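Accompanying notes for the structure given below.
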Amino acid sequence: MRENLLFYGCPDVLNENCQGTVKSIISEKLRIVENITLNRVHRFVKPSNGKCRPIVSKFHYYQQRELVRTKAITKTNDLKITGLGIGIQQTKAVLQQRREKNALFNR
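The sequence shown finishes on residue 104 if you use the working numbering, and the numbering steps up by one all the way, no holes.
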């Protein structure tokens, strides 16, 4: 999971090319011209009613993942306008701990 990024807000399309979708986001939205090597790209979890499933992208090189992640942080406002988001894939245990901490702060 260390090399994975999740791409949120990409509409589900029947028989889509997830790798092409991710590469187009990287080149067009983030303006990265470097050739990014991806090992696996697929949709996450089962389809649900009307919700867009995130795309899981496993990068071959950790440095390339970090390049995309840091560029996404600097272009957060541009991505939000288009309804896209990019984040690190976390384990279930980490997500559960974050939910518990947020629940404490939101009381």
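C-beta: ideal position from N, C-alpha, C; glycine also. Predicted model only: the values in this text are computed from it and were never measured.
Find out if the Cβ-Cβ distance for the pair residue i, residue j is shorter than 9 Å.
| i | j | result |
| --- | --- | --- |
| asparagine 14 | isoleucine 85 | no |
| leucine 3 | serine 45 | no |
| isoleucine 43 | lysine 72 | At residue 43 the sequence reads lysine, which differs from the isoleucine that was named. For lysine 43 and lysine 72, no; Cβs fall outside 9 Å. |
| glutamine 87 | arginine 95 | yes |
| arginine 40 | proline 51 | yes |
| tyrosine 59 | arginine -1 | yes |
When DSSP labels each residue in this structure, what does residue i get in the three-state scheme?
| i | result |
| --- | --- |
| glycine 80 | coil |
| leucine 101 | helix |
| leucine 2 | strand |
Only counting the same chain, and skipping five residues up and downstream in sequence, which positions put a Cβ closer than 8 Å to that of residue i?
| i | result |
| --- | --- |
| glycine 17 | none |
| isoleucine 29 | Ile23, Leu64, Val65 and Lys68 |
Kindly list the residues whose CB is nearer than 6 Å to the CB of residue i, restricted to its own chain and excluding five residues on each side of it in sequence; keep chain order.
| i | result |
| --- | --- |
| proline 8 | Cys49 |
What is the C-beta distance between residue i and residue j, in whole angstroms, given that I count them as a contact (C-beta under 8 Å)?
| i | j | result |
| --- | --- | --- |
| isoleucine 33 | phenylalanine 56 | 7 Å |
| leucine 92 | glycine 6 | In fact, because the Cβ distance is near 19 Å, the residues do not count as touching under 8 Å. |
Using a Cβ-Cβ cut-off of 7 Å (strictly less than) and excluding sequence neighbours within five positions of residue i, which residues of its own chain qualify?
| i | result |
| --- | --- |
| arginine 37 | Lys55 |
Task: Runs of alpha helix (DSSP H) wholly within the segment 30 to 78 (minimum 4 residues, chain order) - done: 59 to 71
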